[in-house]
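Engineer:
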Amino acid sequence: VSFLGDIHGQYTDLLRLFEYGGFPPEANYLFLGDYVDRGKQSLETICLLLAYKIKYPENFFLLRGNHECASINRIYGFYDECKRRYNIKLWKTFTDCFNCLPIAAIIDEKIFCCHGVLKEISLKYSANRILDKKLNICYLGLLCDLLWSDPDKDVQGWGENDRGVSFTFGADVVSKFLNRHDLDLICRAHQVNNSFFKTKWLKISHLELKQRLLNEFEIWLISARHLCLYRRRQKYENTLESR
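Here it is in structure tokens:
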């Protein structure tokens, strides 16, 4: 499965990604949220992604990001794009759709994927809290932490977030979460990542560096602006030079 972070309305970059990594169902994809806002073609982007999800439900997966919340995309561009090109009713329809998107995924029972990360709470309890609910409040409680929290190498445990929403967390929180749930890796998006990899930690979003890496994941640089594709490899020693 290939993981992809924040797209933010960059439709041409999305097409370039599929050309490089394979169009569904030739390749399996898990998207980590933030499909709309900022870019100029949020409508084309989200419509294509939803169409693929409908056409290939077993090969194509969409998680929710913090920009799939009405209170956020009302401000950062998606609302204005819908209003300018069509009407407000369309924006409300997408809002209803976004409220039903899943928040997290677990791959092979070992890789936990979400847009932000999960606070100190059991996965079983979390699933019970969010299962089969239409969630539209993205700035309070469990949903907020899943979509907004950020890692901080200088923090032990949990700290304040400069965004003014949710928390930051340290490496000890990551290790505790992985050990508690018998996981190997957390895969997330939501931030610019200049160092690529942390211990047992993978961040996906807005990558611009080019270098050769040795890790469990290969990195393909699709766009200097936004996109990067990660594909898990079977052998840890395999590498791929970013292009």
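Quick note: the sequence shown uses full-length UniProt numbering, first residue 1, plus one each step. Note that beta-carbon positions come from the ideal geometry of N, C-alpha and C, so glycine has one too.
(1) DSSP three-state label for leucine 101, please.
(2) Can you pull the DSSP bridge partners for leucine 185?
(3) Output needed for aspartate 154: all residues of its chain with C-beta closer than 7 angstroms, excluding positions within five of it in sequence on either side, in chain order.
(4) For the region 9-69, which segments carrying the alpha helix (DSSP H) assignment without a break, of at least 4 residues, lie completely within its bounds, in sequence order?
(5) Is the beta carbon of glycine 5 sitting closer than 7 angstroms to the one on leucine 43?
(6) Kindly list the residues whose CB is nearer than 6 angstroms to the CB of isoleucine 106, restricted to its own chain and excluding five residues on each side of it in sequence; keep chain order.
(7) Can you give me the C-alpha to C-alpha distance between lysine 176 and glycine 157, rounded to a whole angstrom?
(8) In whole angstroms, what separates the C-alpha of glutamate 81 from that of glycine 9?
(9) What does DSSP give as the partner residues of isoleucine 106 in its beta bridges?
(10) Expressed to the nearest angstrom, what Euclidean distance is found between the alpha-carbon atoms of leucine 63 and cysteine 97?
(11) Are at least three pairs of beta-carbons, each pair with one atom in the region 72-92 and one in the region 19-26, less than 8 angstroms apart?
(12) Spatial neighbours of phenylalanine 60 within its chain, please: CB distance less than 6 angstroms, with the 5 preceding and 5 following residues excluded, ordered by chain position.
(13) Any idea if glutamate 58 is buried or exposed, counting beta-carbon neighbours within 10 angstroms, 16 or more meaning buried?
(14) Counting along the chain, where does the alpha helix (DSSP H) carrying tyrosine 79 start and finish?
(15) Measure the C-alpha to C-alpha separation of leucine 15 and leucine 48 and round it to an integer number of angstroms.
(16) In whole angstroms, what is the alpha-carbon distance linking lysine 110 and valine 1?
(17) Quick check on isoleucine 72: does DSSP put it in helix, strand or coil?
Structural biologist: Walking through what the data contain:
(1) Look at leucine 101 here: in three-state DSSP terms it is coil, with no helix or strand label.
(2) Answer by DSSP bridge pairing, in chain order: Ile111.
(3) Taking C-beta separations shorter than 7 angstroms and ignoring five residues to either side along the sequence, aspartate 154 has no partners in its chain.
(4) Segments of the alpha helix (DSSP H) lying fully in the region 9-69: 11-21, 42-55.
(5) Not in contact: glycine 5 and leucine 43 (Cβ atoms no closer than 7 angstroms).
(6) Excluding residues within five positions, the ones whose Cβ falls inside 6 angstroms are Phe112.
(7) Their backbone Cα atoms lie some 10 angstroms apart in a straight line.
(8) In this structure, the alpha-carbon of glutamate 81 lies about 10 angstroms from that of glycine 9.
(9) Per DSSP, Phe112.
(10) Rounded to the nearest angstrom, the two C-alpha atoms are 12 angstroms apart.
(11) Segment contact: the region 72-92 against the region 19-26, fewer than three CB-CB distances shorter than 8 angstroms; contact not assigned.
(12) Annotation for phenylalanine 60: Pro24, Tyr29, Tyr52, Lys53 place their beta carbon closer than 6 angstroms to its own, counting only its chain and skipping 5 residues before and after.
(13) Exposed, because fewer than 16 other Cβ atoms sit within 10 Å of the Cβ of glutamate 58.
(14) From DSSP, the alpha helix (DSSP H) with tyrosine 79 extends over 78-85.
(15) The straight-line gap from Cα to Cα measures roughly 10 angstroms.
(16) Spanning the two alpha carbons is a distance of roughly 13 angstroms.
(17) Helix, per DSSP.
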